[in-house]
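Data first, discussion second: the structure below is written as structure tokens.
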Amino acid sequence: MTSFTGITAVANATNEMAMFKQAMKEVAAHPEWMSSRQIERQRWNPYSMEGGSTCAISGENFAIVASDTRMTQNDINILTRDAEKIQILNDNIILTTSGFYGDVLQLKKVLQSRLHKYRFDYRSDMSVDLCAELLSRNLYYRRFFPYYTGAILAGIDEHGKGAVFSYDPIGCIERLGYSASGAAEPMIIPFLDCQIGHVTLSEGYERPELTLDRAISLMKDSFRGAAEREISTGDKIHLVIAEAGKPVVVKFLPLRED
Amino acid sequence: MDTMRDEKRKAIPAIGFYPQEEISTGTTLIAMEYNGGVVVGTDSRTSAGSFITSRATNKITPITDNMVVCRSGSAADTQAIADIAKYHIDVYTMTENKPVTIYRSSQIFRQFLYNYREQLSASVLVAGWDEELGGQVYAIPIGGFVSRQRSTASGSGSTFVQGFLDSQWRPNLTLEECKAIVKQAVGLATFRDGSSGGVVRLAVINKAGSQFELFRPDKPGFPFVQTPTPHLSFPPHIEQVL
Amino acid sequence: MFRNQYDGDVTVWSPQGRLHQVEYAVEAMKQGSATVGIKSETHAVIVALKRAQNDLSSHQKKVYEIDTHAGVSIAGLLSDGRILARYLQTECSSWRWDYKQAVPIKKLAESMQLKLQANTQYYGRRPFGVGILIAGYDKDGAHIIQTDPSAEVVSMHGTSIGARSQSARTYLERNVDNFEKSTPEQLIVHALLALRDTLPAEENLNAQNTSIGIVGKDSPFSLLEDAQVAVHLNQVSTHPRTTGGAAAAAAPGGAEPMQM
Amino acid sequence: MWGETFDDFENDEGEMAMAKQNLIAEPARADFTFAKLPLGIQPVDFMKTHFAETAGKSMQFRKGTTTLAFVYEPATPADKGGIIVAVDSRASSGEYISSKSVMKILDIGDRMVATMAGGAADCQFWTRIVAKYCTLYELREKTSITVSAASKYFANTLYGYRGQGLSVGSMVAGYDKKGPQIFKVDSEGDRCQLKVCSVGSGSLNAYGILDNHYKPKMTDDEARKLGLRAIMHATYRDSGSGGVCNLCHITPTEKIRLPPMDVSKLWYEFADELGRDITYNPVE
Amino acid sequence: MNAHDEVQRTLNPTCTGTSVIALQYKTGVVVLTDRVVSYGKMARYKNVSRQYKVNDNVLIAFGGDHADFHWLQNVIERQVLLWKRFDQDIGPKALHGYLTSLLYAKRCKMNPVWNTLVVAGVEEEEKNNKETSTPFIGVITQKGCAYQVKHIATGLGAFLLNQAVEDEWRKKGEDLSREEAEAVLRKSLELTLYHDCVADNEFEIGRVDATEGVVLGKEEKIIGDWSIAETNCQYE
Amino acid sequence: MSSIGTGYDLAASTFSPDGRIFQVEYAQKAVDNAGTMIAIRGKNGVVVVADKLISSKLYTDNANPRMFNVNDNVGVAVAGNYPDGFALKNYAYGEAMKWLKDYREPMPIQNIANSVAEYIHIHTLGISRPFGAGAFFMSWNKQTGGRLFLVEPSGLNYEYKAWAVGKHRQAAKAEIEKLKIEELDVNQLVKEAARIIMVVRDENKDKNVQIEMGWVGEQTNGKYEEVPSEVVTAAEEWAIAKLDEDDMDD
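Protein chains in written order, with the UniProt record's numbering: chain C, 1 to 258; chain G, 1 to 242; chain E, 1 to 260; chain W, 1 to 284; chain B, 1 to 236; chain F, 1 to 250.
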């Protein structure tokens with residue numbers, strides 16, 4: 001179907017194309033010759049910050065996770081009041097993330113896929129301890145182009161105890177009793193330090209045991225406090241409760257909308 | 001208009017790099033459909049900064065018998081693109097044994113202009129005639145957005161005549177009417193735009209193929225722009241000539 | 001069986017326009033213990049017979065969950081089967097990655113078909129010596145997909161592959177009209193009855209050698225526990241074994257005549 | 001048809017599919033190929049632009065530390081001698097203390113630990129890689145790895161990522177057939193053996209105490225106290241350090257992890273011993 | 001494209017469109033876009049639609065660069081064909097998910113698709129059963145940040161209109177009729193017309209309805225109310 | 001000349017002394033032995049019909065379809081070894097997608113057929129085995145009218161007015177020649193095609209067969225579609241009646 005001359009022409013065009021592409025690559029790669037346009041392009045900010053805060057508390061046989069549902073643009077313009085920042089990965093693992101929402105979605109998908117594969121390989125669901133290490137590793141794989149996220153992983157561990165793992169953007173992992181991330185982290189943590197850690201509570205005051213009910217009410221108070229004083233937190237509390245041997249419960253509670 | 005971005009590159013003497021102003025065809029391109037095909041018209045000025053590097057450039061590049069492309073932006077970029085696209089179109093024509101449609105050709109141009117839009121500074125008008133859709137004009141400004149237009153202007157001079165074209169176009173223009181409008185539009189643009197100037201080149205593309213025409217300022221037929229008689233510019237008490 | 005010169009490789013056609021290597025691979029599938037799949041309007045069930053190498057070894061794993069809405073069972077070379085099952089799992093996961101939804105079963109069937117076909121055409125590979133039944137439920141309803149080494153991938157109302165599966169298919173063909181409206185429990189019983197027909201008279205189904213997987217509308221794929229399997233087997237045991245099944249079972253599975 | 005495709009976008013979908021496959025399943029690879037920045041952007045510049053002080057508080061990497069380790073010989077036969085490793089537990093993201101309970105002594109083997117200073121995630125990740133290497137080494141060679149070899153591997157690995165913005169300052173400390181050894185390793189690829197060593201933002205303060213009170217022969221009690229004291233003083237002078245003091249004592253036979261001590265309380269504990277008033281009381 | 005990016009944009013979108021306004025009503029979604037292609041602030045091409053009918057269930061509207069969307073349109077068209085192969089119509093949720101991945105992937109190459117996409121549609125819960133279909137609006141920004149909403153205004157409209165549209169929505173909630181929803185959109189466009197340089201008064205309202213499917217809008221024109229000009233607008 | 005046993009027929013990379021490539025011929029056999037498939041271009045469209053063996057009633061309706069869309073406008077019907085045909089269909093589909101991506105218009109039928117033919121041809125060079133399947137491509141639009149191409153296992157690609165492949169191709173072709181196909185509209189073609197398939201069937205051997213049909217033409221608006229089952233049934237009924245009538249005449 002192709003005539004002989006046709007083939008020669010193809011060869012010529014192919015060659016031409018290859019040279020053209022090569023030239024284009026060089027232009028793109030050679031830093032000294034970069035146009036202002038290209039330099040600017042390198043400085044383009046691939047991140048945006050959608051605000052909001054999340055928090056997790058673990059107890060003897062439970063873990064609760066909460067986040068607000070506000071999504072903002074540049075901290076001021078509210079995009080939606082129903083954003084989901086908590087992902088229930090399976091009966092024992094809950095992920096909650098603040099930061100750049102695109103990365104949040106990506107991270108969630110990565111974990112979901114791994115969990116999917118784990119279920120096929122081992123014929124059971126992954127435990128939160130394993131998932132915690134998995135998350136840490138995967139955050140670190142993006143060491144040089146990090147996820148712009150503060151992740152918290154919570155759930156019920158292999159021994160039926162509540163677990164909370166806290167991360168920095170590149171996967172520094174630590175198991176804690178309670179943790180928070182996002183815009184209101186510096187407000188929530190001191191409150192919990194006082195009420196749960198009791199570290200800033202003066203001597204002589206009652207140090208009640210952390211029950212599920214107490215944890216839930218502390219969580220509500222934390223977010224109410226944050227919504228009062230932090231602009232990108234508000235609208236609703238998305239509360240997820242995991243108790244050993246019970247199905248995961250999800251609740252939504254109203255917050256300030258201003 | 002097509003040199004929207006202000007290039008400010010620093011000289012790097014160590015490697016012998018001294019930024020130069022790119023040679024670009026700050027241009028006026030006009031294209032318009034009439035009832036049997038299309039008419040395109042361009043000026044002929046190529047400039048580097050304020051220096052005119054060529055005063056009689058031909059900005060209408062024939063691609064096939066029934067298709068031309070009008071180029072604006074960086075001269076080097078547009079020439080390279082036109083050459084490569086022509087290669088592709090020629091080979092397709094040969095291997096498929098029938099002419100490539102104007103639409104598909106415009107898509108071939110889009111491939112380059114869109115995919116390399118960060119590196120290139122080029123915008124073109126693809127104008128032609130084929131069996132399927134008759135006369136067609138596809139405008140591809142910087143960025144690689146292709147749209148079929150009935151009447152369009154591109155290049156730095158386009159800003160000055162867009163209104164004129166809007167007021168002149170109507171359905172079913174005859175060839176002569178269409179040529180007159182296009183010629184006049186180029187004339188008007190060169191009159192006001194410093195980056196456009198020189199001669200007016202027209203091309204008519206229809207079933208019969210492409211016919212090219214040249215209108216020189218020193219020969220009859222060159223568009224004439226009537227301006228109002230001016231008033232005196234110095235204060236009236238000063239002796240001066242109109 | 002004699003060797004002919006056209007059966008050395010998948011890349012050779014016989015003068016009759018057949019691919020012997022591929023046909024031999026189908027025989028490998030017929031050696032594996034049987035598995036049965038049937039579907040109703042709302043549910044799809046796969047049951048499989050697991051062999052144990054000897055008394056000390058555990059039974060094979062023949063049924064895999066590949067996603068919440070689909071599972072597979074395998075007959076033939078189990079290691080080949082596992083590779084294919086894993087492939088399907090990645091397909092499911094990949095689709096979820098892109099669309100956040102469960103993959104249409106038809107997509108799985110198509111991917112499977114192309115993967116199997118490639119192994120029947122290109123030098124240096126061999127066809128997979130395994131047949132797979134995919135049970136799934138998606139927007140289009142319940143599905144049973146049967147695949148075999150020759151890359152035939154077919155959507156079925158019910159089917160069986162593996163050793164002596166002809167007896168099971170006979171049972172299914174006799175009862176196919178009842179499947180459409182069956183409850184999940186009835187469906188399982190049908191499948192088990194068909195599976196039982198593949199057994200020689202002296203053997204029977206028990207909780208250890210039987211796997212049951214079920215998926216349907218609003219119920220994710222689940223592989224039943226031994227205790228649940230036992231419940232269904234009890235129901236089956238009330239049905240007397242047909243002589244027809246036993247007669248068919250007498251014919252050895254892998255010895256269907258081969259034409260040259 | 002062309003052999004050469006039209007454009008680079010042609011591969012877009014292919015690349016996306018490949019990236020997807022890598023993310024769906026854990027990458028099975030011996031050496032880590034991390035997700036790279038496009039357009040030849042340098043990680044260091046990128047981090048400076050997007051993850052520096054100007055970024056949101058929680059989006060900064062955790063860092064900051066005082067760690068120390070030293071080798072001593074037993075002063076009496078009742079003592080064991082060996083290595084004392086002591087660290088603080090603060091991790092800060094900029095000005096915010098993001099954690100006050102970080103365990104900065106990471107196990108590498110039965111009798112080997114690495115300390116972490118610098119980027120917390122960097123240390124955690126790479127010490128795991130070293131630990132994995134050491135375990136495999138032991139399985140392969142049927143003998144435990146020497147501290148020297150482990151630290152060399154650590155240093156080499158880090159050297160491979162030199163200039164890309166990793167931040168690791170670690171001491172690999174342990175007991176092997178040559179006795180107690182401490183190697184300091186950092187993200188520039190530097191590695192050196194020391195008897196007394198401190199790394200981190202509070203290291204100068206720690207050195208001050210160590211150099212003053214260190215003796216080659218000490219009782220176990222003295223040695224442990226020295227470690228605690230040095231950390232305690234460092235936390236008081238360096239705002240990047242604080243929390244509790246974790247201490248690990250590696251003896252010729254075992255690795256003893258001591259319970260964490262709150263540095264705030266340590267201050268009072270040591271006050272008497274130092275013969276110093278804690279509070280200035282002009283009345284007395 | 002949001003207003004903030006407008007300032008710091010580096011990749012030079014050239015032929016652009018501005019706000020998209022979409023609102024969910026009882027049985028579907030209405031989407032409004034104007035019909036002008038801006039080149040900087042010049043209204044370069046008129047009568048260009050910014051709504052793309054994907055299939056009977058999905059309509060996509062976009063703001064931002066037209067060339068980028070044309071590239072996307074092609075990607076989407078091929079996705080639709082891919083799904084057809086498996087006898088499926090791609091639903092808005094699946095398409096939203098796919099485009100999120102795509103835009104995120106492009107962002108990771110620091111080569112973003114310069115569009116804010118609004119995926120409007122009705123999600124079929126069961127095949128051939130329109131009763132159970134639910135309206136859907138999904139938004140994706142150029143960096144791959146995606147979320148689902150009941151009402152949205154993008155571009156400069158995000159600052160101008162979001163609250164206005166939300167208020168209307170809250171008043172009537174789920175029971176908003178199509179006519180009411182369209183009235184809200186028209187009112188909103190009027191607002192952008194008063195405050196957005198590159199907004200045009202020629203527009204179209206497309207809709208996706210559970211029973212009717214996608215209905216593309218006809219070109220309409222709005223004049224607005226200029227009575228304010230009669231009052232004294234002099235500075236004192 | 002006989003091929004078997006000469007050793008010249010074991011690979012597609014081998015010529016026999018008289019210049020034939022037997023492997024390609026054997027692959028053609030796979031098509032020749034498969035169910036009959038007829039494609040006819042009429043006045044205002046193209047119809048393709050296949051005789052499909054349904055070996056068990058456990059198969060779902062229209063399991064293993066032989067006809068597919070390459071894109072909205074072009075249909076493909078594969079004959080011969082089913083998996084091979086499926087792979088061909090997949091390739092054609094991929095090519096059409098590439099074209100759509102590059103030129104943002106549906107790939108014209110001629111280009112699809114050429115491209116598939118090229119692909120098939122590469123497989124006859126001996127690197128792997130030739131495809132044991134052929135493919136009809138069909139389309140219709142106002143400008144060009146109906147178009148019908150057949151790509152064979154050898155890589156040959158011709159445009160046809162009508163053609164038949166498979167078991168009873170000769171008889172079928174003879175039947176087609178009796179018709180004035182240029183004058184028939186699609187609805188008539190459907191009936192005639194069904195009749196031809198039934199006529200050429202070998203009543204002793206061809207049991208459990210089913211007719212599958214696809215069409216593209218003016219009434220489908222240039223879109224290739226599977227013929228609705230009620231139309232197929234009606235055509236079959238018409239054909240049976242017609243056959244009975246003919247029998248009576250005889």
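Cβ atoms here follow ideal geometry from the backbone N, Cα and C, with glycine treated the same way.
Every value quoted in this text rests on a predicted model; they were computed, and no experiment measured them.
Item	Value
Cβ of G:Asp6 less than 8 Å from any chain F Cβ?	Note that G:Asp6 scores a pLDDT of 43, beneath 50, so its modelled location is shaky and nothing firm can be said.
Tell me, please, whether the stretch 213-226 of chain B touches the stretch 51-65 of chain B by the rule of three or more beta-carbon pairs shorter than 8 Å.	yes
Could you name the residues of the same chain whose beta carbon sits closer than 7 Å to that of W:Gly3, not counting the 5 residues immediately before and after it, in chain order?	Legend: pLDDT at W:Gly3 = 36, less than 50; position of this residue unreliable, value from coordinates given subsequently. Here the set comprises nothing.
Does the count of Cβ pairs from the stretch 30-40 of chain G and the stretch 190-199 of chain G closer than 8 Å reach three?	no
Thinking C-alpha only, which one of E:Glu202, E:Ile134, E:His59 and E:Arg86 is nearest E:Pro104?	E:Ile134
Just how far apart, CA to CA, sit F:Pro83 and E:Ser79?	23 Å
If we count Cβ pairs, one from each stretch, closer than 8 Å, do we get three or more for the stretch 59-77 of chain B versus the stretch 96-107 of chain F?	yes
Is B:Thr100 close to chain G, meaning its C-beta is less than 8 Å from at least one C-beta of that chain?	no
Using a beta-carbon distance below 8 Å, is E:Trp97 in contact with chain W?	yes
For residue 253 of chain G, which residues does DSSP report across the bridge?	Chain G is shown only over 1 to 242; residue 253 of chain G falls outside these bounds and no answer can be derived.
Do you know whose CA, among F:Asp18, F:Val31 and F:Tyr26, lies nearest residue 251 of chain F's CA?	Absent from the model: residue 251 of chain F. The displayed extent of chain F is 1 to 250, so no value can be given.
Quick check on the burial criterion: 16 or more other C-beta atoms within 10 angstroms. Buried or exposed for B:Glu13?	Sequence check: residue 13 of chain B is Pro here, not Glu. Its Cβ being crowded by 16 or more others within 10 Å, B:Pro13 is buried.
In chain W, what lies closer than 8 Å to E:Ser182 by C-beta?	Those within 8 Å of E:Ser182 in chain W number zero; the least Cβ separation is about 36 Å.
Which value, in whole angstroms, describes the spacing of the CA atoms of F:Ser56 and E:Glu173?	8 Å
Would you please verify whether the beta carbon of F:Phe86 is less than 8 Å from any beta carbon of chain E?	yes
Going by beta-carbon coordinates alone, are F:Glu139 and F:Tyr224 separated by less than 8 Å?	A small fix is needed here, since residue 139 of chain F is Ser in this sequence, not Glu. Contact: yes.
Mind pulling the chain G residues with CB within less than 8 Å of B:Pro13?	Gly143
Going by DSSP, name the residue or residues bridged to C:Lys236.	C:Pro254
Taking the Cβ atom as the reference point for each residue, do F:Ala194 and F:Ala235 lie within a distance shorter than 8 Å?	yes
For E:Tyr64 and chain C, any beta-carbon pair shorter than 8 Å?	yes
Does the beta carbon of B:Met42 come closer than 8 Å to any beta carbon on chain G?	yes
At 8 Å on the CB atoms, spell out the chain C contacts of B:Phe136, in chain order.	Those within 8 Å of B:Phe136 in chain C number zero; the least Cβ separation is about 13 Å.
Quick one: residues in its chain with C-beta nearer than 8 Å to the C-beta of F:Ile240, no 5 flanking neighbours on either side, listed in chain order?	Met198
Where does E:Gln16 fall in DSSP's three states?	coil
Within 8 Å (strictly less), CB to CB, does B:Cys145 reach chain C?	yes
I'd like to know whether the C-beta of E:Pro104 is nearer than 8 Å to at least one C-beta of chain B.	yes
Counting only runs that start and end within the stretch 176-233 of chain E, where is the beta strand (DSSP E) found for 3 or more residues in a row?	210-216 and 219-223
At the 8 Å Cβ level, is E:Gln89 part of the contact set with chain C, yes or no?	yes
For my contact list, E:Gly158 and E:Ser73 are in at a C-beta cut-off of 8 Å; report their separation, rounded to the angstrom.	With a Cβ gap of about 13 Å, E:Gly158 and E:Ser73 do not count as contacting.
With DSSP as the reference, identify every bridge partner of W:Ala234, one or two as the case may be.	According to DSSP, W:Ala234 bridges with nothing at all.
For chain W, check one thing: does any of its Cβ atoms lie closer than 8 Å to the Cβ of B:Ala105?	yes
Please classify F:Glu212 as buried or exposed, where buried requires at least 16 neighbouring CB atoms within 10 angstroms.	buried
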